[in-house]
């Protein structure tokens, strides 16, 4: 078949001679592979298609060898990686659908739209599976709040998440925020969404099959926003960001609500008609159509003249690579098109047949009566895979083997300084913007260890969290990976939930740097190791590489999004102290573990040294104890220990209550701030003390009591002092607000 030449575009020969392909991210070697496999030069449009589909963002060509190692199967898994989202069986004919994705580059350049469209995109991944989205979480990393640019970025991202999530009516229920100058110029914005679906209704979105079945475009019209978004997300930043703004999409949550409701209705009311659905995300129509065709063992033919547009004069390259938001692609059984189209049009949406499924494994595009692309669909969707060299980072090789020892001459002063650190202090300044209770199913709102959403019509609930400490991963990628999933598990366990699965956002620098590739490789190995021990398969996620600005990489930040299952929502547990006189127990032992800690950063201005040990057995045993004690009705509160150590966890358990505490600790002053993993604080009613202590054995140590006084009383092996509750609470609550003024 002849391929039409557009005289207004560069010829195939010019694409090669002028190395236009290189401007779009293809290497000389990759272009040669394409030329050899096709037996001819690709034209301008075809080169554009390959540049998007072979980008790291779309193909994972540099991370795929590592991603394949993830453990992703157990008795609950109904759908693992490779589709719009992962699906886990939660019993009673129900399944939880969830995924996380990052929108880092767009959020750095256009904070509001970058974050907003991150929410929109992840929601479409959920309802493309036929699931009803029920919650959103966000995980943010920013440089320290010290200038107007940083404040503007943070404000924009928070407003974008709130503006989209609140408008569409899906609660934003939790997440995590941390600050470090390692993220200067590279803000990280990861969004996780969760949905519910009944087993008969969900479909496998990526399998377009059945010759002559129709490809239907639904949703908003196509414009020029977001063109080259996939390749944009596959390169490093320069400090000159203005020219990159055109690669950022623009979202409309009200349009998304219409698309969401219509899509869920189509799947539930016409399951035989709807064969496949995919969100038009990165690389737009191109990725959704080609991926569905390839996974279904089929070919795809599209008539680009049928694509609904809102801008004149768009060429095939633009039509295919546009990342205009709120669009979906459906494959519908031949003869059943009218019902599906009418459903969407009744909602005020565009719904148009733009092509069909073929049985010849070709990917063909027609435009103005001419064939403008004719490719082997497998060649288009199967980019080369690269196993890159890795090397132990110099900072790890040269790291001191000694643990940092904090200098604590005035523990009260240090505690107040720790409470004022934005990574430690209350995040209410941010989450107050989010509607966390819309849909009225939120049981535990933002501010706790994990959010909890009830499942209507059952006694069950889902516990949801996002976690990672990039400082730990920087000091030791393997252990840091283990600790990321362990902290996520502790958070859901603290609510009474059994961890059942995870998603991830792997945020790293340039993988062509062997030290960065080492960080990616080892952190995934660490996550994988502990995921197997927890029985929490990795069922979805994404990779965001090239998070560097002017050759400065971020801390390796493999964000973990975890889902936990609560069988009886009457036993949900929160972090807050509940009653005067309740006994406070520390679960787990405390070591001199300070490298990578908040106290080290506070006192030295940096993190350094060898990361402290991770005791997987202690972690698992302590989590099991918490779940068993909650199930037995023995715990009034539970809170995991993480950044800032024991003293921060104790104070957090009291700040949002009318209570304080007396603590008598067999620790030195420095150990108040140790960040030893695997620990919890819990409260127990005095009358249940014997039963709990028999159950816990030497895993638990009685360290104090809840009081109703206006101060906290603390005694260590070295000192005794009190903290005024009002002053400490004010410092913790107002720190971020004061910095953001």
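Numbering (the numbering used here), first residue to last: 753 to 1493. From the three backbone atoms N, C-alpha and C, an ideal C-beta is built for every residue, glycine too.
- The continuous alpha helix (DSSP H) containing residue 1222 extends over residues 1222-1227.
- Shown here, residue 857 sits in a helix according to DSSP, grouped into three states.
- As the crow flies, the alpha-carbon of residue 1445 is around 9 angstroms from that of residue 1454.
- If you compare the alpha carbons of 1094, 1174, 1085 with that of residue 898, the shortest gap goes to 1174.
- With fewer than 16 neighbouring CB atoms inside 10 Å of its own CB, residue 1146 falls in the exposed class.
- DSSP places residue 1053 in the strand class (E or B) of the three-state scheme.
- When secondary structure is reduced to three states using DSSP, residue 1300 falls in the strand class.
- For residue 1328, the closest C-alpha among the options 1401, 1371, 1286 is that of 1401.
- Here DSSP, grouped into helix, strand and coil, assigns residue 1465 to strand.
- Each residue's CA atom was taken as its position, placing residue 1100 and residue 1005 some 14 angstroms apart.
- Counting only residues of its own chain and dropping the five nearest sequence neighbours on each side, residue 1107 has a CB closer than 8 angstroms to the CB of 966, 967, 1041, 1052, 1053, 1054, 1055, 1058.
- In the DSSP assignment, residue 1488 forms no beta bridge with any residue.
- The residue from 948, 1350, 1195, 911 with its alpha-carbon nearest to that of residue 843 is 948.
- Three or more beta-carbon pairs separated by less than 8 angstroms are not found between the segment 928-944 and the segment 1080-1089, which leaves the two stretches without contact.
- A straight-line Cα-Cα distance of about 6 angstroms links residue 1038 and residue 1073.
- Residues of the same chain with a CB within less than 8 angstroms of the CB of residue 1399, apart from the 5 flanking positions on each side, are 1167, 1170, 1424, 1425, 1466 in chain order.
- Scanning its chain for C-beta atoms nearer than 7 angstroms, with the 5 sequence neighbours on each side dropped, one finds around residue 1370 the residues 1340, 1430, in chain order.
- Here the segment 1121-1141 lies against the segment 788-798, with 3 or more beta-carbon pairs under 8 angstroms apart.
- Residues of the same chain with a CB within less than 6 angstroms of the CB of residue 1240, apart from the 5 flanking positions on each side, are 1217, 1219, 1312, 1314 in chain order.
- No Cβ-Cβ contact shorter than 7 angstroms links residue 885 with residue 1194.
- Residue 1182 and residue 1062 have their C-alpha atoms spaced approximately 35 angstroms apart.
- In the three-state DSSP reduction, residue 1427 falls in the coil class, being neither helix nor strand.
- It is roughly 8 angstroms from the alpha-carbon of residue 804 to the alpha-carbon of residue 1034.
- In this structure, residue 808 lies near residue 1297, with their beta-carbon atoms less than 7 angstroms apart.
- The beta carbon of residue 911 sits closer than 6 angstroms to the beta carbons of 864 from its chain, once the five residues preceding and following it are set aside; these are given in chain order.
- Within the same chain, 859, 863, 867, 941 come within 6 angstroms of residue 909 by CB-CB distance, once the 5 residues on both sides are set aside.
- In the DSSP assignment, residue 1122 is bridged to 1119.
- Non-local C-beta neighbours of residue 1324 in its own chain, meaning closer than 7 angstroms and more than five positions away in sequence, comprise 1195, 1196, 1204, 1213, 1247, 1248, 1318, ordered along the chain.
- The three-state secondary structure of residue 1346, taken from DSSP, is coil.
- Beyond the five residues adjoining it in sequence on each side, residue 875 comes within less than 6 angstroms, by CB distance, of 885, 945 in the same chain, given in chain order.
- When Cβ pairs closer than 8 angstroms are counted between the two stretches, the segment 1400-1416 is seen not to touch the segment 1143-1163, the count staying below three.
- Annotated three-state conformation of residue 1244 is helix, per DSSP.
- For residue 1314, the enclosing beta strand (DSSP E) has its first and last residue at 1309-1318.
- Non-local C-beta neighbours of residue 772 in its own chain, meaning closer than 8 angstroms and more than five positions away in sequence, comprise 762, 766, 796, 799, ordered along the chain.
- By the CB criterion at 7 angstroms, residue 1277 and residue 1307 fall outside the cutoff.
- The C-beta of residue 1207 has 16 or more other C-beta atoms within 10 Å across all chains shown, which makes the residue buried.
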